[in-house]
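Asker: The structure's right below; bear with me while I get my questions together.
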DNA sequence: TCGCTTCCCCTTGTCATGCGAGGGGTCTGG
DNA sequence: CCAGACCCCTCGCATGACAAGGGGAAGCGA
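Protein chains in written order, with the numbering used here: chain A, 1 to 114; chain B, 1001 to 1114.
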């Protein structure tokens, strides 16, 4: 942890979690590690953010859980995407794209009269 | 208003407002219009979001206000960046850049086994 | 064997803040 | 005269990221 990680923005938490489950089922701890790695240490998801989010996504039907055994031989709850979850991931990814493009445009704006 | 505008993410409100004041002082209404235009209608800042944010930025010393007359001959409160506000804009813009790059990386991630 | 670290799960309370709804006032054009 | 644009504000609600705190089990070195 280089400790220069940024705060998570509201809304991107779900997106990141769903994305981490694209290829295989993962347990919570592994999801947070994936985020750390995939963003090259830029983003850090705290446990107090992660677990409530997982339960929320579960309630909404985007993911499903199942108890199993981790690679380190520990009891762990594995989550996987549902069909609805995949759809959700797509739409959230699209929204994010639109959003970040819009902000980028605003920041690149050269002023009222170029 | 094409009504397909997205919700604002926590944290980007300040950034957008500060950016809108880069070149000249503007009043609240003009700021919201600038955001709408600069993002090509993608982002819409509600008044209930804008005005409290303006007062917050004022309290923090990033911006200063002054009553004046708008282009339409109306009473309007003009805001301008302070020196501290310019610094704040820079750091927020940098953070945003890092953040969106990180998310982009995560979304572009090809999975556990490239 | 003991204790430390890593791994893994969870909940509670706090705080910040985006937004809907509501309220007020002014100027202009049809 | 009146609709609509222009311009300002505040309240209350809901959401959700986070810190802090709690629990427990596996593995390893001393």
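Backbone N, C-alpha and C define an ideal beta-carbon position, used for all residues, glycine too.
Under a three-way DSSP split, which group does residue 10 of chain A fall into?
Answerer: Residue 10 of chain A: coil per DSSP, three-state reduction.
Asker: What residues from chain B crowd round residue 40 of chain A, counting only those whose CB sits closer than 8 Å?
Answerer: Those within 8 Å of residue 40 of chain A in chain B are 1102 and 1105.
Asker: Output yes or no for whether 9 Å exceeds the beta carbon distance between residue 18 of chain A and residue 57 of chain A.
Answerer: Yes, they are a contact pair.
Asker: Sort out for me which residues DSSP pairs residue 1016 of chain B with in a bridge.
Answerer: Its beta-bridge partners do not exist; DSSP assigns none.
Asker: Which residues of chain A have a Cβ atom closer than 8 Å to the Cβ of residue 1109 of chain B, listed in chain order?
Answerer: Within chain A, the residues near residue 1109 of chain B are 19 and 38.
Asker: Quick check: the Cα distance between residue 39 of chain A and residue 12 of chain A, rounded to an integer number of angstroms?
Answerer: Using only the alpha carbons, I get a separation of about 13 Å.
Asker: Under a Cβ-count criterion, where at least 16 other Cβ atoms within 10 Å of its own Cβ denotes burial, should residue 23 of chain A be classed as buried or exposed?
Answerer: Label assigned to residue 23 of chain A: exposed.
Asker: Where does the unbroken beta strand (DSSP E) through residue 65 of chain A begin, and where does it stop?
Answerer: Here the beta strand (DSSP E) through residue 65 of chain A covers 63-69.
Asker: Which residue's Cα is closest to the Cα of residue 99 of chain A: B:1016, B:1015, B:1096 and B:1042?
Answerer: It is B:1042 whose Cα lies nearest to the Cα of residue 99 of chain A.
Asker: Pull out every residue of the region 1084-1095 of chain B whose Cβ sits closer than 9 Å to any Cβ of chain A, in chain order.
Answerer: Of all residues in the region 1084-1095 of chain B, 1093 and 1095 have a Cβ within less than 9 Å of some Cβ in chain A.
Asker: Could you list which residues in chain B have their beta carbon closer than 8 Å to that of residue 99 of chain A, in chain order?
Answerer: Within 8 Å Cβ-Cβ: 1006, 1009, 1042 and 1043.
Asker: Go through its chain and collect everything with a Cβ distance to residue 1051 of chain B's Cβ below 8 Å, but skip five positions before and after it.
Answerer: Excluding positions up to five away in sequence, the list reads 1028.
Asker: Below 7 Å CB to CB, which residues in the same chain sit around residue 1061 of chain B once its five sequence neighbours on both sides are set aside?
Answerer: The answer, listed in chain order, is 1082 and 1084.
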